[in-house]
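K.L.:
Pasting in a structure now, in C-alpha cells, and then I'll have a few things to ask.
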Amino acid sequence: MRISLRRRFAAAALLLFGLAAAAAPVSAQAMADTGRSVVLIVTDGLRWQELFGGADSTLNNKEYGGVEDTAALRRTYLVGGAEANRRALMPFMWGVIARDGQIYGNRRLGSDAVVTNGLKFSYPGYNEMLTGRPDPRIDRNDYGPNPNLTVFGWLSSEPGFMSRVAAFGTWDVFADIFDRGFPLMTLRAGWELPFPGSTDPSRVLLDSLYATTTRYWPGMPYDAFLQASVMEYLRTEHPRVLYLGFGETDEWAHSGKYDRYLATAHRVDGFIRDLWQAMQAMPEYAGRTTFIITTDHGRGSGLEDWTDHGKDVEGAEHIWIAVMGPDIPGLGERRNVSFVTQAQVAATVAAAVGMDWVKVAGPAWTAGALPVFGPGD
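Letter by letter, the sequence shown follows residues 1110 to 1486 of my numbering.
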C-alpha cells in the first residue's frame, strides 16, 4: 500500500502541475480565505535534559564536555536553578511557548515523549515523524528514497496546498526522506542552492554563500544559512505547510563540544522566535499559524553517553514536543501525560490545517494527533 499510495498522489500532482506551476505567489486575501498554516521545526538530537533543565554543570569542563571557556559558559547558561538555566538557554521556548502553547517530554513531571522505531537515530526518526509509523526497512541513514508517503507529500497534492508546501533541511539526506517525487512541493536539502537561477540580489547572495563557503560538514550547511533561506522564501512564496530541519545540535554533540551544542540550541530558539514574529506580522499568517517543534531522537545521559544515540544507547528514545497555535490551549509544560509519541506528529501537522491524515493513510498505518487541541490537565 505504501509505495503505491505515494506514487498515486505523485501522479495526480503531475496532472495538475501545468496549472499550478503558473500560479503567482498567494496573496494575503487568498491565504486568509484558505485557512490555517503549520510549521514543523526539528532541531536534530537536542536532549530533553537540556530543554527542561538547562545546561548540565557536570559537562562544563574540557574532559567530558570539550568546553573551551568554562567561565563564559557558567556566566551565560548556568545562572541559577533548572528553571533559570532553561530560560537562559531557550528564552522563547520558556517565555512564550510555555505560556501560550504546550510542551511535552519532561519525564520528571510524568510527561514522557518517545520514539517508537527502536533504532533511535535520524532517518528512522524522521520517517516515523513524517508518516505516522516506524518502518523496519529503514534501518540506516543511507537507506535511499523513502518508500512511504509523508504527510508533506500528501498535502502538496491536495487542493488549497498545491505549490504551498515547502521543506528546508540542512541534512542532505532530507532529499530522500521527503522524496522528490512530488513536483508541487519545494524541497531544499543540504548544500543545494536555495534559489538557483534567481536574479534577486538577496537570493544571489545566499546562493553565493552556499556555493563558496568551506564545508565543515560535507553533507550539511550551517543552521544560519537555512534560517536566512527560509526567511527569504517566506517573504514572497507564503507556504501554508513549512518544514525546517536544523542539524548543528546533533553535530556538535557528536563532536563532544558541549559549549557549541548549547550555543546552537540557543540560536535555534532565536530562529524560532524570529520566524514566529515575522509570520505574526504578516496578514497571511497572523493568528492562523501553528508551530510544532521537536527533535528526531534523544541522546544518552551521563558524562560520556550524552554525545551519542542509537538502539544500544539507553534513554535515547526520550524526546520532547512543543506546540503553539490558534487552536491550542495555553497549558504550558504538560504533566502526567503518560505516552506521547513521535509517530503522532504527522497527524498533528495535518490537523493543524484542518486535514485528517489518519483518514488518508489508515488507522493501521498512522498514529492519531497529539492531545493538544482541547482542554487538558
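By construction, the Cβ of each residue, glycine as well, lies at the ideal position given by its N, Cα and C atoms.
#1: Taking the alpha-carbon positions, what's the Thr1321 to Gly1290 distance?
#2: First and last residue of the beta strand (DSSP E) that includes Ala1473?
#3: Within the same chain, show all residues whose beta-carbon is closer than 7 Å to that of Ser1265, passing over the 5 residues directly before and after it, in chain order.
#4: On the premise that His1418 lies in contact with Gly1434, defined as a C-beta separation below 8 Å, what is that separation, rounded to the nearest angstrom?
#5: Let me know the secondary structure DSSP gives Val1154 once reduced to three states.
#6: Answer yes if the stretch 1193-1203 comes into contact with the stretch 1243-1250, meaning at least three C-beta pairs across the two stretches below 8 Å, and no otherwise.
#7: Could you check whether Arg1312 and Glu1341 sit closer than 8 Å to each other, using their CB atoms as the reference points?
#8: Taking the DSSP output, what are the residues bridged to Glu1442?
#9: If Gly1354 and Gly1278 are in contact, beta carbons under 8 Å, what's the gap, nearest whole angstrom?
#10: So what does DSSP say about Ile1437, is it helix, strand or coil?
#11: Starting from the C-beta of Glu1426, find all residues in its chain whose C-beta is less than 7 Å away, skip the five residues before and the five after it, and write them out in chain order.
#12: Buried or exposed: which applies to Glu1172, given that a residue is buried once 16 or more other Cβ atoms fall within 10 Å of its Cβ?
#13: Give the DSSP bridge partners of Ala1275, in chain order.
#14: Should Ala1473 be labelled buried (16 or more other beta-carbon atoms within 10 Å of its own) or exposed?
#15: Determine, using beta-carbon pairs with one atom in the stretch 1209-1220 and one in the stretch 1437-1451, whether at least three such pairs fall under 8 Å.
#16: Using a Cβ-Cβ cut-off of 6 Å (strictly less than) and excluding sequence neighbours within five positions of Phe1304, which residues of its own chain qualify?
#17: Quick one, which of Val1147, Leu1479, Gly1154 and Arg1183 has its alpha-carbon nearest Thr1167's?
P.N.:
In terms of the structure at hand:
#1: Taking the first residue of the sequence shown as position 1, residue 1321 is located at position 212. Taking the first residue of the sequence shown as position 1, residue 1290 is located at position 181. Going by C-alpha positions, Thr1321 is about 29 Å away from Gly1290.
#2: The residue you call residue 1473 lines up with position 364 of the sequence shown. Taken as a continuous stretch (DSSP letters only), Ala1473 belongs to no beta strand (DSSP E), as it is neither H nor E.
#3: Your numbering for residue 1265 matches position 156 in the sequence shown. Correct list, in chain order: Ala1122, Met1271, Val1274, Phe1291, Leu1293 and Met1294.
#4: Against the sequence shown, residue 1434 aligns to sequence position 325. Against the sequence shown, residue 1418 aligns to sequence position 309. About 29 Å separates the two Cβ atoms, so there is no contact after all.
#5: The count along the sequence shown starts at 1 and reaches residue 1154 at position 45. Val is not the amino acid found at residue 1154; the sequence shown has Gly there. It is coil, neither helix nor strand.
#6: Taking 8 Å as the limit for Cβ pairs, the verdict is that the stretch 1193-1203 does not touch the stretch 1243-1250.
#7: In the sequence shown, residue 1341 corresponds to position 232, counting from 1. In the sequence shown, residue 1312 corresponds to position 203, counting from 1. Contact annotation: Glu1341 and Arg1312 have beta-carbon atoms nearer than 8 Å.
#8: Translated into positions along the sequence shown, residue 1442 becomes position 333. Bridge partners of Glu1442: Ile1212.
#9: Mapped onto the sequence shown, residue 1354 falls at position 245. Mapped onto the sequence shown, residue 1278 falls at position 169. Between the beta-carbon of Gly1354 and that of Gly1278 there is about 3 Å, and that keeps the pair under the 8 Å contact cut.
#10: Translated into positions along the sequence shown, residue 1437 becomes position 328. In the structure shown, Ile1437 adopts coil according to DSSP, grouped into three states.
#11: In the sequence shown, the residue the question calls residue 1426 occupies position 317. Correct list, in chain order: Val1223, Val1224, Lys1229 and Gly1407.
#12: The count along the sequence shown starts at 1 and reaches residue 1172 at position 63. By the C-beta density criterion, Glu1172 is exposed, having fewer than 16 other C-beta atoms within 10 angstroms.
#13: Along the sequence shown, one-based indexing puts residue 1275 at 166. Thr1295 and Leu1351.
#14: Along the sequence shown, one-based indexing puts residue 1473 at 364. By the 10 Å Cβ count, Ala1473 comes out exposed.
#15: Touching, yes, given that three or more Cβ pairs across the two stretches are closer than 8 Å.
#16: Within the sequence shown, the letter at position 195 stands for residue 1304. The residues are Arg1312 and Asp1316.
#17: Numbered from its first residue, the sequence shown carries residue 1167 at position 58. Checking every option, the nearest Cα to that of Thr1167 belongs to Arg1183.
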